[in-house]
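Okay, so here's the structure we're looking at.
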Ligand code: NAD
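In the working numbering, the protein residues as written are 87 to 510.
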């Protein structure tokens, strides 16, 4: 039992070793020996590595990794590792990919691998003048940025472009400088943040203003991943299904309430691959949702049309700031394995694969929603979860889940009653 008066002010907690931290948390939360042992078992992520990735580590959190089959992308078959706790996500990608495999699968492309860092400048009386003065320094800025990261420059990356805007804000006019940097196979946050921090005092000196924030933008619209695919009428189940799917897309694109859920489904697939490869799910999600609202109204990340031949054509386009280097990508052993299973040779290739997964996910969600409804497909897997929540273990889970599906009522109370029957 937890003592409600226990203090969360634990001096030097960050300096403790993992076993000592577990002790401290166990005292605070009233954990027993079995709980401590559970936390101490870090599975296939070594505890010392976990302790280097984040602060105050007391354990790890296992998430299932599934593999999506049937994916053909740019003429090459791929197996896609996906880390997710949500049922039906992996199956959705497999199903969508199976239905377009014979027609050639997915075609992908990318706008580039450029990230944007922002520098905020305030307190200048002549913001338009300041803007031009900064733009005049383009070559000096290039040298300063490239000087921060000779490794990146050697690999063909580095400073690419300079944009300066005068932004009207509640606090008056601000001058916002964008550094556009090719970060190659890195997601690039640290790379561009260092450049922005290096450049900021120079901007302040050139303009006589004060620089404030110096940080990348997650609206990585210079790093757009694109995928397209055509599902033949005979493969997807006929004109009625196609038209219902189109109507579902039209709804999503017109209504932010629906678009949020439509795009959440897309991100079910995307975030699962981003996580499996040790990339930053929040960075990709922030970019995706900001991009979905770029027209001033939140809308669909995909678009669906009917081809001349009557088939269903889908496209997706969204920022995809993922890397093969940096963050946890190279450190997390499971992420490294996921990248090997994927067989991608560059961050661009990874981003393109992820876009195809997002499109596949959206196809399956639209089809399920527009035909049988999402619950039918979900039910079998959901029933397993409910069976386990009701207390079923080992050999009890499968028959109980099947019984719940057969009854058409996948509910915890029903599961408990049926489990009692099963146990005689
Ligand atoms: P990083 O700084 O660890 O590695 C990138 C560096 O590796 C490059 O600057 C370069 O010097 C070197 N490098 C070696 N080989 C390379 C290659 N083939 N291509 C490119 N660079 C190569 O990593 P990063 O990508 O700059 O940072 C990513 C991390 O930053 C993620 O963990 C992310 O979560 C975190 N982060 C994100 C945000 C955000 O999204 N807002 C903000 C801060 C930090």
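By construction, the Cβ of each residue, glycine as well, lies at the ideal position given by its N, Cα and C atoms.
Cβ neighbours of residue i in the same chain (closer than 7 Å, five flanking residues each side left out)
i           : result
residue 465 : 491 and 496
residue 92  : 114
residue 210 : 216, 261, 293, 294 and 295
residue 112 : 121 and 122
residue 79  : Given that the chain is displayed from residue 87 to residue 510, the structure contains no residue 79 and the question cannot be resolved.
residue 99  : 107, 110 and 142
residue 343 : none
residue 242 : 270
residue 569 : Only positions 87 to 510 of the chain appear in the structure, and residue 569 is not among them; the question remains open.
residue 371 : 353 and 357
residue 434 : 196 and 199
residue 129 : 146 and 148
Per DSSP, cross-strand counterpart(s) of residue i
i           : result
residue 474 : In the DSSP output, where bridge partners are listed per residue, residue 474 has none listed.
residue 192 : 159
residue 390 : 400
residue 317 : 398
residue 166 : 154
residue 303 : 202
residue 405 : 310
residue 483 : BP columns for residue 483 are empty, so no partner.
residue 507 : Note: residue 507 sits in no beta bridge, so no partner.
residue 208 : 296
residue 255 : 258
residue 247 : 266
residue 272 : 411
Sequence-distant residues of the same chain with beta carbon closer than 6 Å to residue i, five excluded per side
i           : result
residue 221 : 250
residue 107 : 144
residue 167 : 151, 153, 362, 424 and 427
residue 228 : 245
residue 334 : 452, 455 and 456
residue 412 : 272 and 273
residue 332 : 390
residue 195 : 312
Closer than 7 Å: residue i CB and nearest ligand 1 heavy atom
i           : result
residue 305 : no
residue 267 : no
residue 198 : no
residue 509 : no
residue 237 : yes
residue 227 : no
residue 137 : no
residue 117 : no
residue 246 : no
residue 285 : no
residue 290 : no
residue 270 : yes
residue 412 : yes
residue 366 : yes
residue 334 : no
residue 302 : yes
residue 431 : no
residue 369 : yes
residue 425 : no
residue 243 : yes
residue 279 : yes
residue 156 : no
residue 233 : no
residue 148 : no
residue 409 : yes
residue 276 : yes
Cβ-heavy atom distance, residue i to ligand 3, below 7 Å
i           : result
residue 273 : Ligand 3 is not part of this structure, which contains only ligand 1.
Own chain partners of residue i with C-beta closer than 8 Å, once the 5 adjacent residues on each side are dropped
i           : result
residue 418 : 131, 135, 139 and 364
residue 511 : The question about residue 511 has no answer, for the chain in this structure spans 87 to 510.
residue 266 : 200, 201, 202, 245, 246, 247, 248, 249 and 308
residue 337 : 344
residue 327 : 453, 456 and 457
residue 282 : 203, 204, 205, 265, 300, 301 and 302
residue 219 : 292 and 293
Inter-stretch contact (C-beta, 8 Å, three-pair minimum) for the stretch 306-323 and the stretch 137-153: no
Kindly confirm or deny that the stretch 443-451 and the stretch 341-357 touch, where touching means at least three C-beta pairs closer than 8 Å. yes
Are there three or more Cβ pairs, one per stretch, closer than 8 Å when the stretch 370-386 is compared with the stretch 172-183? no
Report yes or no: do three or more beta-carbon pairs, one from the stretch 377-396 and one from the stretch 279-291, lie closer than 8 Å? no
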